[in-house]
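These protein sequence lines map, in sequence, to chains A and B. Letter 2 of the first sequence, counting from 1, is numbered 2 in our numbering, and no numbers are missing. In our numbering, each residue carries its 1-based index in the second sequence increased by 1000. We put the CB at the ideal spot given by N, CA and C, even for glycine. In what follows, a structure is listed as structure tokens, so that the remarks can point back to it.
2 protein chains.
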Amino acid sequence: MWVVCSDLEGVFVPEVWINVAKITGIEKLKLTTRDIQDYDELMQYRLNILDEHNLKIQDIQGVIASIQPFDEAFEFTKWLRKISRFVIVSDTFVEFADPLMEQLDRPFLLCHSLEIDESGRITNYILRQPDPKRKTVEAFQSLMYKVIAFGDSYNDISMLQQAEVGILYRPPQNVIDDYPEFPVAQNYAELRAILEQYIV
Amino acid sequence: MWVVCSDLEGVFVPEVWINVAKITGIEKLKLTTRDIQDYDELMQYRLNILDEHNLKIQDIQGVIASIQPFDEAFEFTKWLRKISRFVIVSDTFVEFADPLMEQLDRPFLLCHSLEIDESGRITNYILRQPDPKRKTVEAFQSLMYKVIAFGDSYNDISMLQQAEVGILYRPPQNVIDDYPEFPVAQNYAELRAILEQYIV
């Protein structure tokens, strides 16, 4: 019996912060860990910018609701839910993911969360635990499931390594170069073909 | 952050074997662990009866597809998926649950499985692990989630005990008598009221 663990951003939906930056026109929100390497520093910087623009959680959720999942993402997640147990494991925050989950018919999602005050101001962020993607695979293995995991980036690697089967989905070339041991799928049809070697 | 773990039969759908017995008219399939206490003996007995009647997995799935979830079960699971992470933890088999999961829009389900040969004959059953309901709660706790669990019967008790919050849902009186420490909900509205003390 398999559990399928998948990344969210870059696999089923576009990158959230980049699109929030685009839609709101706030250029500074485009910075990523490539620009500010320390994640905590980056997040505090982002939350400060939201404050500066007086953007509450409801505003951000409104923006995120206008982001659409990739073409065929809905059909693909529907297929995954039919053939296996399917979990999205993401480094995003549940409050940000919510409008996207709604569009994907609410698959099972494990991720981080935000601290929000009564006015809707985001006061802080809460990382659920260190290395949550690997831990998630371990948790399902403790339940005697085998795990197939896929994702597009460095933060997915520990999940792919812990899983019985790891797959890179549309990764940047540097990720492929650094982790040549993983098979690469460039679209859902290729991903499905790899999954079907194990599951169906 | 909470995970909601729920039993399946007796909570969202009727008891599967009893209804298969009713619909097929095979009286012998009505036996439960009250009649044959050893579970393995009971299951081998059931599989032999299916064989005697030449019932394949596709026949049984056809029968199970005619069983309907309880009134409001769909709406209630939809609400649970919106407000939290929602997992059904069942002692049924994934192949039996499948037609019911389809009707409930495929919530996340952890359960056991069957061995089926190419003709569709059920040759054996595979229990994923001992005490799977407790283990599932432990797995989510290892991911730094708190767990609210509910179920109707003795096989749910270890799950309710391991969870931060355990609730009995429409239990028989003997279960209430044996475990008076758990709050009891008799319908979805009462269950929702208890859940909302913690989650919403």
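Rounded to the nearest angstrom, the gap between the Cα atoms of G120(A) and V200(A) is 45 Å. Three or more beta-carbon pairs separated by less than 8 Å are not found between the region 64-74 of chain A and the region 24-39 of chain A, which leaves the two stretches without contact.
Contact annotation for M1144(B) against chain A: R128, Q129, P132, K135 [CB-CB distance below 9 Å, chain order].
With respect to the 8 Å criterion, V1089(B) and S1006(B) are classified as neighbours on the basis of their beta carbons. Per DSSP, the continuous beta strand (DSSP E) segment holding E115(A) begins and ends at 108-116.
Taking a Cβ-Cβ threshold of 8 Å, the residues of chain B close to A139(A) are A1139, F1140, S1142, L1143, in chain order. Each of Q141(A), I126(A), F74(A) was checked against the Cα of M101(A), and the nearest Cα belongs to F74(A). DSSP places F1150(B) inside the beta strand (DSSP E), whose first and last residues are 1146-1151. Apart from sequence neighbours up to five positions away, the residues of its chain that approach M1001(B) with a beta-carbon distance below 6 Å are Y1145, ordered along the chain. A straight-line Cα-Cα distance of about 19 Å links V1147(B) and Y1179(B). Cβ contact annotation for E115(A) (same chain, cutoff 8 Å, sequence separation greater than five): I122, T123, N124, Y125, I126, in chain order. If you check the CB distance, P1183(B) and I1176(B) do not come in under 8 Å. Assigned with DSSP and collapsed to three states, V1200(B) falls in coil, not helix or strand. Residue pairing by DSSP places F93(A) opposite H112(A) in a beta bridge.
In chain B, no part has a C-beta under 9 Å from the C-beta of F150(A); the shortest such distance is about 18 Å. With respect to the C-alpha of E1118(B), the residue from N1048(B), I1057(B), R1085(B) having the closest C-alpha is I1057(B). Neighbours of F70(A) in chain B, taken as residues whose beta carbon is under 7 Å from its own, are absent, since the nearest beta carbon is some 20 Å off. Within the same chain, L29, K30 come within 6 Å of A21(A) by CB-CB distance, once the 5 residues on both sides are set aside. When the beta-carbon positions are compared, I60(A) and L50(A) come within less than 8 Å of each other.
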